[in-house]
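Chains as they are written, first to last, in my numbering: chain A, 1 to 154; chain B, 1 to 621.
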């Protein structure tokens with residue numbers, strides 16, 4: 001299943017996650033909130049780039065964290081490449097023409113490993129989705145995410 | 001003729017020595033600073049670095065204690081695959097010394113359980129990650145580290161479990177929750193250790209146990225056992241038996257076993273309060289902590305004390321201030337050994353330092369945390385106790401960053417922040433666990449000198465410090481300085497007219513020096529605030545009796561006996577009040593009860609003898 005071929009006319013949002021990445025997990029409520037908020041105009045997918053994570057482990061992870069989003073394994077890293085993703089959690093936003101308009105952090109909750117704000121004060125992913133839905137230019141540059149390196153995986 | 005006075009009772013409870021009874025420690029095995037750096041020949045980072053030869057020994061020793069199933073860290077580091085799939089991350093966090101978490105400066109005194117990696121070790125990890133995290137000879141991997149499963153100190157003597165679990169929401173900011181455990185002992189026992197098992201360790205940043213001798217924290221529970229929210233606990237503790245132990249849990253910590261002679265007293269009516277700092281995980285979680293209690297037959301013979309330095313009333317940080325300084329300086333009145341130190345601030349804390357200036361003018365850093373991080377706060381125990389002679393000045397120097405650049409600033413935009421117990425308030429607290437050296441000074445417990453000096457010091461900082469007035473008064477009263485004592489209790493009552501304890505103490509002190517008529521309004525005030533206050537009933541009974549109002553006295557002694565049926569003095573005084581009002585039969589019953597409770601109660605014995613004497617005299621006549 002190629003998420004970039006599905007949901008024509010909609011914006012596509014890929015969120016790269018990992019079952020054992022704590023920062024990625026801590027974002028579950030934010031990911032759920034954004035996917036609900038933009039459900040009509042943006043198709044959200046969770047992408048698991050770790051080939052060591054079995055479909056069963058992924059299903060359990062989705063249950064544990066209350067995700068109600070379609071999930072994909074990306075064992076060949078084709079989505080990682082197309083999204084230029086490096087980290088979990090990291091978001092990639094493709095506009096209706098499937099052009100990559102944003103990839104990077106979800107928001108600025110984490111400044112660094114172990115250095116989190118009490119609440120995020122900038123919301124790059126949300127801003128990028130809104131801009132993509134409205135066909136407007138991106139309000140922010142890509143901002144690198146804080147989390148676990150995808151390149152560490154096999 | 002009966003005597004009706006059995007002295008006064010001043011509750012030695014105060015709310016001064018607050019907060020921490022307790023906090024912490026980690027591993028029982030003492031590891032020294034610096035960590036072994038030698039990895040043998042071939043450890044040169046310019047050569048190929050392999051996991052099995054170079055990296056596994058570092059990771060197994062310094063990371064695996066937390067990075068393994070069931071522990072606090074989010075993933076395991078027990079195999080090559082574990083390490084390989086986090087190699088860049090490991091390199092990044094070790095290079096910046098984010099991991100292993102360790103806040104004190106490299107040149108600080110040596111603390112137990114120093115987790116720092118050496119520069120050589122960090123360089124090896126960098127080289128290994130850059131080279132693609134090679135495995136090396138699989139057969140050369142060192143044996144997997146062995147850990148004790150379950151209770152770290154073996155089966156506890158008693159295990160207590162939180163009555164109700166706490167439900168932690170999936171998201172939001174950090175949460176602070178307190179669990180109250182009822183004392184499981186039927187009589188006083190001595191604890192050598194408490195093992196804290198907070199539940200899912202991945203959710204818990206740190207946890208503290210406080211011994212709540214006055215059962216005050218439970219009043220904050222909506223229903224018994226429900227627990228209550230709150231970052232900082234204020235718990236009353238006794239002036240003359242101050243709780244003086246840190247009972248602290250943080251990730252990777254093993255329970256601390258108190259040395260012989262430094263056991264912690266646990267009475268049957270004490271509560272244990274577990275204060276936890278929790279971080280949401282992304283999903284709904286529940287937490288139901290347990291405590292394992294380990295007893296010892298050896299009661300406490302060494303009495304450390306917790307010195308609390310602070311300057312909360314100067315903590316008034318303007319928005320935008322990046323370098324707000326709060327200081328406090330205290331000069332020791334006696335020689336002490338410094339055993340452990342616990343600096344504490346909230347999210348604006350920036351640079352936390354404690355210094356000693358010795359009588360000869362030389363100085364030494366006691367601890368210096370240049371990048372404060374509340375999430376990794378800890379109690380630091382000195383590997384070697386540090387002698388701080390009488391006349392040494394301890395200085396607290398804390399700075400705060402209330403600018404928008406401090407990412408942990410809870411306010412956006414920054415707001416004025418003052419002292420308080422909420423996470424969005426600030427604190428400037430430094431606790432030092434010290435063991436006063438035996439002094440030849442008059443045979444008085446040296447802790448009393450320290451507490452008196454601390455109370456006077458606190459009054460200099462803040463003349464309206466209720467606790468300082470109260471504590472100083474209580475100490476002076478013990479020393480027999482009744483006039484000065486009464487003056488400070490009076491100040492305490494002036495500051496908190498509705499404080500039952502202070503009113504009772506002032507009344508009792510006035511009563512003790514014969515100012516009976518003056519004492520009665522304060523004792524009555526104490527009972528208006530707290531009608532079931534044993535001490536105040538007892539003292540007011542005595543005051544009324546000494547004014548000849550035996551009917552009034554009888555009411556209050558009766559209330560005292562009802563509140564504490566095991567108090568021999570209250571029974572004896574009730575007996576005397578009955579005797580004075582002519583009820584010999586009831587008087588005898590209560591004298592006998594007093595003697596049953598305490599066969600050595602002289603008042604009851606003598607008065608009972610007089611009753612018997614009178615009876616036989618009557619028979620003879």
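Glycine included, each C-beta is placed from N, C-alpha and C at the ideal position.
Which same chain residues, not among the five before or five after residue 430(B), have their C-beta less than 6 Å away from its C-beta?
-> Taken in chain order, the residues that qualify are 309, 343, 354, 396.
Partners in chain B for residue 127(A), counting only beta-carbon separations shorter than 8 Å = Neighbours of residue 127(A) in chain B, taken as residues whose beta carbon is under 8 Å from its own, are absent, since the nearest beta carbon is some 17 Å off.
Below-8 Å beta-carbon distance, residue 624(B) vs any chain A residue | What the structure shows of chain B is the stretch from 1 to 621, and residue 624(B) is not part of that stretch, so it cannot be assessed.
Residue 565(B), buried or exposed, once every other Cβ within 10 Å from all chains shown has been counted against 16 | Within a 10 Å sphere around the beta-carbon of residue 565(B) sit fewer than 16 other beta-carbons, which makes this residue exposed.
With DSSP collapsed to three states, give me the class of residue 45(A).
-> Of the three classes helix, strand and coil, the one that applies to residue 45(A) here is strand, per DSSP.
Coarse secondary structure for residue 527(B), derived from DSSP in three states = Under the three-state reduction of DSSP output, residue 527(B) falls in the helix class.
Run of the beta strand (DSSP E) containing residue 130(A), from where it starts to where it stops | Looking at the DSSP string, residue 130(A) is not in any beta strand (DSSP E); the run it does join, the alpha helix (DSSP H), is 124-133.
Residues bridged to residue 292(B) by DSSP?
-> The partner list for residue 292(B) (beta bridge, DSSP) reads 159(B), 195(B).
Give me the Cα-Cα distance between residue 455(B) and residue 394(B), rounded to the nearest whole angstrom.
-> Looking at the two C-alpha atoms, the distance is approximately 15 Å.
Note down, in chain order, every chain A residue with its Cβ under 7 Å from the Cβ of residue 75(B).
-> For residue 75(B), the residues of chain A that pass the 7 Å Cβ criterion are 20, in the order they occur in the chain.
May I ask you to verify whether the stretch 408-425 of chain B touches the stretch 284-296 of chain B, counting CB pairs closer than 8 Å and requiring at least 3?
-> The way I'd put it, the stretch 408-425 of chain B doesn't touch the stretch 284-296 of chain B; fewer than three beta-carbon pairs between them come closer than 8 Å.
Could you name the residues of the same chain whose beta carbon sits closer than 7 Å to that of residue 350(B), not counting the 5 residues immediately before and after it, in chain order?
-> Hits under 7 Å: 372, 399, 400, 401.
Quick one: Cα of residue 445(B) to Cα of residue 127(B), how far?
-> So the two alpha carbons sit approximately 58 Å from each other.
Any chain A beta carbon closer than 8 Å to residue 88(B) | Taking CB atoms only, residue 88(B) has a neighbour in chain A less than 8 Å away.
For residue 484(B), which residues does DSSP report across the bridge?
-> Under DSSP, residue 484(B) shares a beta bridge with no residue.
For residue 121(B), which of helix, strand or coil comes out of DSSP?
-> Residue 121(B): helix per DSSP, three-state reduction.
Could you please give the first and the last residue of the uninterrupted alpha helix (DSSP H) stretch that includes residue 75(A)?
-> Element bounds for residue 75(A): n/a, residue is neither H nor E.
Any idea if residue 229(B) is buried or exposed, counting beta-carbon neighbours within 10 angstroms, 16 or more meaning buried?
-> Residue 229(B) is exposed by the Cβ-count criterion.
Residues near residue 390(B) by beta carbon distance below 7 Å, same chain, minus five either side | The answer, listed in chain order, is 332, 333, 334, 335.
Please determine if the stretch 501-518 of chain B and the stretch 537-546 of chain B are in contact, where contact requires at least 3 C-beta pairs separated by less than 8 Å.
-> The stretch 501-518 of chain B makes contact with the stretch 537-546 of chain B: 3 or more CB pairs, one atom from each, lie closer than 8 Å.
Where do the ends of the alpha helix (DSSP H) carrying residue 64(A) lie?
-> Run containing residue 64(A): 55-64, per the alpha helix (DSSP H) assignment.
Out of curiosity, what's the CA-to-CA distance linking residue 346(B) and residue 427(B)?
-> Inter-residue distance for residue 346(B) and residue 427(B) is about 6 Å (C-alpha atoms, whole angstroms).
Alpha carbon to alpha carbon, how far is residue 468(B) from residue 478(B)?
-> Distance between residue 468(B) and residue 478(B), taken at the CA atoms: about 15 Å.
Of all the CB atoms in chain B, is at least one closer than 8 Å to the CB of residue 48(A)?
-> Between residue 48(A) and chain B, the shortest Cβ-Cβ separation is not below 8 Å.
If you check the beta carbons only, do residue 83(A) and residue 61(A) fall under 8 Å apart?
-> No, these two residues do not count as a Cβ contact at 8 Å.
Take the Cβ of residue 154(A) as the centre, count every other Cβ of all protein chains shown within 10 Å, and call the residue buried at 16 or more, exposed below.
-> So residue 154(A) ends up on the exposed side.
Looking at residue 560(B) and residue 538(B), is the spacing between their C-beta atoms short of 8 Å?
-> The beta carbons of residue 538(B) and residue 560(B) sit closer together than 8 Å.
Can you tell which of 315(B), 111(B), 72(B), 138(B) has the C-alpha that lies nearest to the C-alpha of residue 420(B)?
-> The candidate whose alpha carbon is nearest that of residue 420(B) is 315(B).
Assign residue 171(B) to one of three DSSP states: helix, strand, or coil.
-> Three-state DSSP puts residue 171(B) in coil, outside helix and strand.
Given a limit of 9 Å on CB to CB distance, which residues of the stretch 74-107 of chain A reach chain B?
-> Of all residues in the stretch 74-107 of chain A, none has a Cβ within less than 9 Å of some Cβ in chain B.
For residue 451(B) and residue 495(B), the rounded distance between their alpha carbons | C-alpha separation (whole angstroms): 21 Å.
Of all the CB atoms in chain B, is at least one closer than 8 Å to the CB of residue 151(A)?
-> Interface residue (Cβ-Cβ distance to chain B less than 8 Å): residue 151(A) is classified as such.
Please list the residues of the stretch 254-285 of chain B that have a C-beta atom closer than 9 Å to any C-beta atom in chain A, keeping them in chain order.
-> Hits within the stretch, in order: 279, 280, 281, 282, 283, 284.
Beta carbon of residue 156(B), beta carbon of residue 292(B): below 8 Å?
-> Yes, Cβ-Cβ distance for residue 156(B) and residue 292(B) is below 8 Å.
Partner residues on chain A for residue 375(B), Cβ-Cβ distance less than 8 Å = Residue 375(B) reaches chain A at 114, counting residues in chain order whose Cβ is nearer than 8 Å.
Take residue 122(B) as the anchor and find which of 54(B), 111(B), 170(B) has the nearest alpha-carbon.
-> Residue 122(B) has its Cα closest to that of 54(B), out of 54(B), 111(B), 170(B).
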